[in-house]
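Okay, structure first, notes after.
Residue numbers (our numbering), protein chains in the order written: chain A, 289 to 319; chain B, 706 to 1122.
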């Protein structure tokens, strides 16, 4: 598998919605 | 940093992390939210003095051990003979599905009654939550806070061997549970040969003062050895029923989010539930379940662009083996053909800068010693459902010093990885 690692996830808002069957991304999640 | 549509200007003075912690107030302002810190940065003062001397090369080697472990799990479960070396067997069978290695980010939770604060590595790539426990019958490493002592908690209880809960360990750890004096024993070995073993138990866990969960199943480790850098243990955020995500589903509905900080000297957040509202700018891609690794969060990458140009990569390159997202893997790994195209485009657009030797798994490196600012092509990922994610400038490069700064991506060795 390819792996989307944590260096590339920096500053993104990463949303895991396991029951909803989806993963979300938004910019500037730490600010 | 100034940003155009196709490139990012990075001031190199901001590339090297500050020795001073600059915390964000983001976590404090959200419901059910924990502060995230980097385990090697000034925001986490750990009890392991050696951790500060870990080199970037060692971090990348640990990262590769983690990736090898993930790949070997998929190869094993799909019946394909993987060419990945299994970790040396020590006292436990290798569990190639749960890997800690280089996992970098830490949150603090409360455990027991009265509550004891513990700093745990958080990891979406594994399931079992565990912490070191007194009396450390065989081994404990040094950690930031005092080691948890179940004898001092009124809410602790062991799980019996005959309980169905005990047998649930097999899927979460990859190892069959043991039994000692009718008490269930867990054992887990990670991709870098780190291990934890001890009592499988129930305890009250407090994520925040208002998010308290009695009867939380966790590992109370009496034999703990490895590269945990002062963290008290691990918070498993995978998809297995034993993960904290599943165990708190009645309140949080298996929804959580995080932001990893832009440097080791700043902080982010890990938020359970919607935290009072998910950002309206979130774009969602479907979660795919990879049959060989149901604990992992699967994604479908559909394309990559560099400097505003979509790379010529056939869709089959991404669909052959699929993809996962993992908070514990440092460097994104791509199928060989995808990485080759990314590297070629990046090198073309960076051709004015002097190159530097490779750094472990990173083969595209530059010497920026004589620069104060650099211009780097923007890199974007497309995911199924039309989701476009621009990688932040902090996620494009990784380096030891300004004389060796590298493209922060790597290729898998096989297209089927």
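Cβ atoms here follow ideal geometry from the backbone N, Cα and C, with glycine treated the same way.
9 Å Cβ cutoff, residue i in contact with chain A
i	result
residue 846 of chain B	no
residue 1063 of chain B	no
residue 833 of chain B	no
residue 1031 of chain B	yes
residue 947 of chain B	no
residue 1081 of chain B	no
residue 988 of chain B	yes
residue 721 of chain B	no
residue 1092 of chain B	yes
residue 991 of chain B	yes
residue 716 of chain B	no
residue 788 of chain B	Confidence is the limiting factor: at residue 788 of chain B the pLDDT is only 33, short of 50, which leaves the residue's position unreliable, though a coordinate-based value still follows. Answer no: the Cβ-Cβ gap between residue 788 of chain B and chain A never drops below 9 Å.
residue 770 of chain B	no
residue 1126 of chain B	In the structure as shown, chain B starts at 706 and stops at 1122, and residue 1126 of chain B therefore has no counterpart that could be examined.
residue 942 of chain B	yes
residue 863 of chain B	no
residue 729 of chain B	yes
residue 973 of chain B	yes
residue 1113 of chain B	yes
residue 761 of chain B	no
residue 1066 of chain B	no
residue 810 of chain B	yes
residue 1117 of chain B	yes
Residue-chain proximity (residue i, chain B), Cβ-Cβ < 9 Å
i	result
residue 309 of chain A	yes
residue 301 of chain A	yes
Between the CA atoms of residue j and residue i - distance to the nearest angstrom
i	j	result
residue 898 of chain B	residue 1117 of chain B	21 Å
residue 969 of chain B	residue 747 of chain B	7 Å
residue 937 of chain B	residue 902 of chain B	14 Å
residue 888 of chain B	residue 838 of chain B	15 Å
residue 992 of chain B	residue 834 of chain B	23 Å
residue 301 of chain A	residue 1045 of chain B	28 Å
residue 714 of chain B	residue 911 of chain B	42 Å
residue 995 of chain B	residue 762 of chain B	31 Å
residue 908 of chain B	residue 1042 of chain B	48 Å
residue 978 of chain B	residue 742 of chain B	20 Å
residue 1032 of chain B	residue 768 of chain B	12 Å
residue 653 of chain B	residue 997 of chain B	Here chain B covers residues 706 to 1122 and nothing more, so residue 653 of chain B does not appear.
residue 1034 of chain B	residue 864 of chain B	32 Å
residue 905 of chain B	residue 1106 of chain B	44 Å
residue 1023 of chain B	residue 1121 of chain B	10 Å
residue 828 of chain B	residue 816 of chain B	18 Å
residue 1095 of chain B	residue 932 of chain B	32 Å
residue 776 of chain B	residue 289 of chain A	7 Å
residue 726 of chain B	residue 1090 of chain B	38 Å
residue 312 of chain A	residue 774 of chain B	26 Å
residue 1068 of chain B	residue 1104 of chain B	12 Å
residue 804 of chain B	residue 1002 of chain B	Because the pLDDT at residue 804 of chain B is just 45, under 50, the model does not fix this residue reliably, and the point stays unresolved.
residue 712 of chain B	residue 1098 of chain B	9 Å
6 Å CB neighbourhood of residue i in its chain, flanking five on each side removed
i	result
residue 1072 of chain B	1059, 1061, 1108
residue 832 of chain B	877, 941, 943, 945, 947, 948, 1000
residue 881 of chain B	875
residue 840 of chain B	none
residue 966 of chain B	972, 973
residue 916 of chain B	737
residue 1010 of chain B	1085
residue 1015 of chain B	1008
Residue i at chain E interface by Cβ criterion, 9 Å
i	result
residue 849 of chain B	You won't find chain E in this structure, because its protein chains are A and B.
Residues near residue i by beta carbon distance below 8 Å, same chain, minus five either side
i	result
residue 825 of chain B	811, 812, 813, 814, 834, 836, 936, 937, 938, 939, 940
Residue i Cβ short of 8 Å to the ligand FMN heavy atom set
i	result
residue 875 of chain B	The ligand FMN is absent from the structure shown, which contains no ligands of any kind.
Close beta carbons around residue i, own chain, < 7 Å, minus the five adjacent residues each side
i	result
residue 1114 of chain B	1036, 1037, 1039, 1044, 1047
residue 883 of chain B	890, 892
residue 988 of chain B	1092
residue 953 of chain B	918, 977
residue 822 of chain B	813, 815, 850
residue 1100 of chain B	1113
Practice prompt. Answer yes if the segment 924-941 of chain B comes into contact with the segment 839-850 of chain B, meaning at least three C-beta pairs across the two stretches below 8 Å, and no otherwise.
Written response: yes
Worksheet item: Taking one C-beta from the segment 1045-1061 of chain B and one from the segment 853-869 of chain B each time, how about it: are there three or more such pairs within less than 8 Å?
Response: no
Practice prompt. Specify whether the segment 943-959 of chain B and the segment 871-878 of chain B touch according to this definition: at least 3 beta carbon pairs, one from each stretch, less than 8 Å apart.
Written response: yes
Worksheet item: Residues in the segment 955-969 of chain B with C-beta within 9 Å of chain A's C-beta atoms, listed in sequence order?
Response: 958, 959, 960, 961, 962, 963, 964, 965, 966, 967, 968
Discussion item. Any C-beta of chain A within less than 8 Å: which residues of the segment 1023-1052 of chain B qualify?
Written reply: 1023, 1026, 1027, 1028, 1029, 1030, 1031, 1032, 1033, 1034, 1035, 1036, 1037, 1038, 1039, 1040, 1043
Item to complete: Scan the segment 999-1021 of chain B for residues whose Cβ lies nearer than 9 Å to a Cβ of chain A and list them as they occur along the chain.
Response: 1001, 1002, 1003, 1004, 1006
Worksheet item: Any contact of the segment 971-986 of chain B with the segment 1005-1017 of chain B, i.e. 3+ C-beta pairs under 8 Å?
Response: no
Worksheet item: In chain order, what residues of the segment 901-935 of chain B put their CB closer than 7 Å to some CB of chain A?
Response: none
Worksheet entry | Members of the segment 1099-1110 of chain B that neighbour chain A once the beta carbon cut-off is set at 7 Å | 1099, 1100, 1103
Worksheet item: Counting Cβ pairs, one atom from each stretch, are 3 or more of them under 8 Å apart for the segment 956-965 of chain B and the segment 303-312 of chain A?
Response: yes
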